[in-house]
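Taken in order, the sequence shown gives residues 1 to 142; the numbers are from UniProt numbering. Ideal placement from N, C-alpha and C gives every residue a C-beta, glycine not left out. Everything on this sheet refers to the single structure shown next.
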Amino acid sequence: MLLIGLVVVVAAAVGAAAFDAADASPTPTRPTALSLGVSGDTLSLTHEGGAPLDVESLAVRISVDGESLAHQPPVPFFSASGFRPGPTGPFNAAADPRWTVGETATLELAGTNDPTIEPGATVTVRVFDGDTPVAALEATAS
C-alpha cells in the first residue's frame, strides 16, 4: 500500500513538472507581412500585418537586378554611406524602434551607391531578424 501511494505521489509530481514546462515554452509568433514599393531611388517598406518588429535587431539587404548594393543600410540610421540622410519611419534612428502594422519605412539611395536604380529595374529587399529571414520582397522600379 505504501508503495502504491509513493508511485501516485511521484507520478503527480512528474505530471505537474511537465505541465509547468509546457506553459514555459515560448509562444510562436505570427508571421510578419511586409510590402515593397520603389519609386526612383526611394524604397518604401510597409508593415502589412503580423507581429511587431524591433528595427534595432533587423538587417536589411538590397540588390538591384541581382547585384547587391555596394553600401547596405545599417537600420536604424540617420546618415549612412550610400544613402541620403533622414530615412523616414522606423528606419530613422530617432524613431520608435518598434515597427508595427501600418507603418512605412523609407530610405533613399544616394548617387554614391552602386548599382543605381533605373526605371524597370528589379529591386530585391531581404529583411532579417538576426540570422532569421523575415521577408524577401521584390518590386519593379518606376
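query	result
Member of Asp-114, Val-101, Ser-142, Thr-132 whose CA lies at the smallest distance from the CA of Ser-63	Asp-114
Contact the region 116 to 132 vs the region 80 to 100: 3+ CB pairs below 8 Å	no
Same chain, Cβ closer than 6 Å to Pro-28, neighbours up to 5 away in sequence not counted	Because the pLDDT of Pro-28 is 37, which lies under 50, any placement of that residue in the model is unreliable, and the number read from its coordinates should be weighed accordingly. Around Pro-28: no qualifying Cβ.
C-alpha distance - Gly-102 paired with Gly-50, whole-angstrom precision	10 Å
Distance, Leu-69 Cα to Thr-100 Cα	27 Å
Delimiting residues of the beta strand (DSSP E) encompassing Gly-37	33 to 39
Sub-8 Å separation of Leu-109 and Leu-34 beta-carbons	no
Rounded C-alpha distance that separates Thr-46 from Phe-77	17 Å
Gly-130 burial status per 10 Å Cβ neighbour count (16 or more: buried)	exposed
DSSP three-state assignment for Phe-78, whether helix, strand or coil	coil
DSSP three-state assignment for Gly-130, whether helix, strand or coil	coil
Residue range of the unbroken beta strand (DSSP E) whose run includes Gly-49	42 to 49
Gln-72 vs Val-60 beta-carbon contact at 8 Å	yes
Residue environment, residue 145, which counts as buried when at least 16 other CB atoms sit within 10 Å	The shown model of the chain, from 1 to 142, leaves out residue 145, and the question about it has no answer.
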